[in-house]
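Asker: Please see the structure below; I have some questions.
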Amino acid sequence: MGIKNPSHLIIWLENDQIIGHAIWHESSSKEHKPGDKRDSEDLRILEQLLGGEKEFVELHELWLTQEHRGKGYGKKFFDFFEELMRKEGHEDTIFYAYNSAALTICRKRGYKEIEGFVATGIEENWEEMSIFHKDLNVKNSLY
3 MGIKNPSHLI IWLENDQIIG HAIWHESSSK EHKPGDKRDS EDLRILEQLL
53 GGEKEFVELH ELWLTQEHRG KGYGKKFFDF FEELMRKEGH EDTIFYAYNS
103 AALTICRKRG YKEIEGFVAT GIEENWEEMS IFHKDLNVKN SLY
């Protein structure tokens, strides 16, 4: 397939108001984006999760307004996102997460997880997070 478009934005609207957004991009275990090679630890973890060198979709950011959190929007988003990625021909998705709500949703949806990965977060702060993988060919029946 090859990495085509490096970034995509999904905006959630309700009553013509933005209530959230998600950013995702096509990626691979070798390169974060074309020309941006992964470090050896990230490469090792991704190839462990994916079963070797592979292309995938990386969900980079997921955000909801405070008043829309805890009301099922996360589940609705993942239902939408996973189906959209299947329709576009993607087989795997990766999500780096540290937020407790995101961790819970990914675990309920059957994502495989590697915990305790430390990565540079916003403003160069180091954060411990989990890396999640889902084979999009396997529909989720848990959540």
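In the numbering used here, the protein residues as written are 3 to 145. C-beta atoms are modelled at their ideal positions from N, C-alpha and C, and glycine is treated no differently. Please read all numbers here as calculations on a predicted model, not as lab measurements.
#1: Asp22 to Thr67, Cα distance in whole Å?
#2: Measuring alpha carbon to alpha carbon, tell me which of Thr106, Lys35 and Tyr75 ends up nearest Phe58.
#3: When the Cβ atoms of the region 131-141 are set against those of the region 99-114, are three or more pairs found closer than 8 Å?
#4: Kindly indicate the opening and closing residues of the alpha helix (DSSP H) around Thr67.
#5: When the Cα atoms are used, what is the spatial distance from Leu86 to Glu93?
#6: Starting from the C-beta of Ala104, find all residues in its chain whose C-beta is less than 6 Å away, skip the five residues before and the five after it, and write them out in chain order.
#7: Could you have a look at His10 and say whether DSSP puts it in helix, strand or coil?
#8: Return the first residue and the last residue of the beta strand (DSSP E) that Tyr75 is part of.
#9: Since Ile107 sits in a beta bridge, which residues does DSSP pair it with?
#10: Please state if the CB of His70 and the CB of His27 are separated by a distance shorter than 8 Å.
#11: Spatial neighbours of His10 within its chain, please: CB distance less than 6 Å, with the 5 preceding and 5 following residues excluded, ordered by chain position.
#12: If you count every other CB in all the chains shown that lies within 10 Å of the CB of Glu55, and 16 or more means buried, which is it?
#13: Using alpha carbons as the reference points, say which of Asp41, Gly74, Gly37 and Glu49 lies closest to Thr95.
Answerer: So, from the data block:
#1: In the sequence shown, counting from the first residue as 1, residue 22 sits at position 20. In the sequence shown, counting from the first residue as 1, residue 67 sits at position 65. Inspection of the sequence shows that residue 22 is occupied by Gly rather than by Asp. Rounded to whole angstroms, the separation of the alpha carbons of Thr67 and Gly22 is 6 Å.
#2: Counted from its first residue, the sequence shown places residue 58 at position 56. Nearest C-alpha to Phe58: Lys35.
#3: yes
#4: Here residue 67 refers to the residue found at position 65 of the sequence shown. Unbroken run through Thr67: none, as it is neither H nor E.
#5: What you label residue 86 is simply residue 84 of the sequence shown in a count that begins at 1. What you label residue 93 is simply residue 91 of the sequence shown in a count that begins at 1. Their Cα atoms are separated by approximately 11 Å.
#6: Mapped onto the sequence shown, residue 104 falls at position 102. The answer is none, since no qualifying residue turns up.
#7: Translated into the one-based positions of the sequence shown, residue 10 becomes position 8. Note: His10 maps to strand in three-state DSSP.
#8: As a working note, residue 75 is residue 73 in the sequence shown. Here Tyr75 belongs to no beta strand (DSSP E); instead the alpha helix (DSSP H) covers Tyr75 to Lys89.
#9: Here the question's residue 107 lines up with position 105 in the sequence shown. Paired residue(s): none; Ile107 is not in a bridge.
#10: Along the sequence shown, one-based indexing puts residue 27 at 25. Along the sequence shown, one-based indexing puts residue 70 at 68. The Cβ-Cβ distance between His27 and His70 does not fall below 8 Å.
#11: Translated into the one-based positions of the sequence shown, residue 10 becomes position 8. Cβ within range, chain order: Trp26.
#12: To locate residue 55, count along the sequence shown from 1; it is residue 53. Classification of Glu55: exposed, given that the 10 Å Cβ count is below 16.
#13: Counted from its first residue, the sequence shown places residue 95 at position 93. Taking only the C-alpha atoms, the option nearest Thr95 is Glu49.
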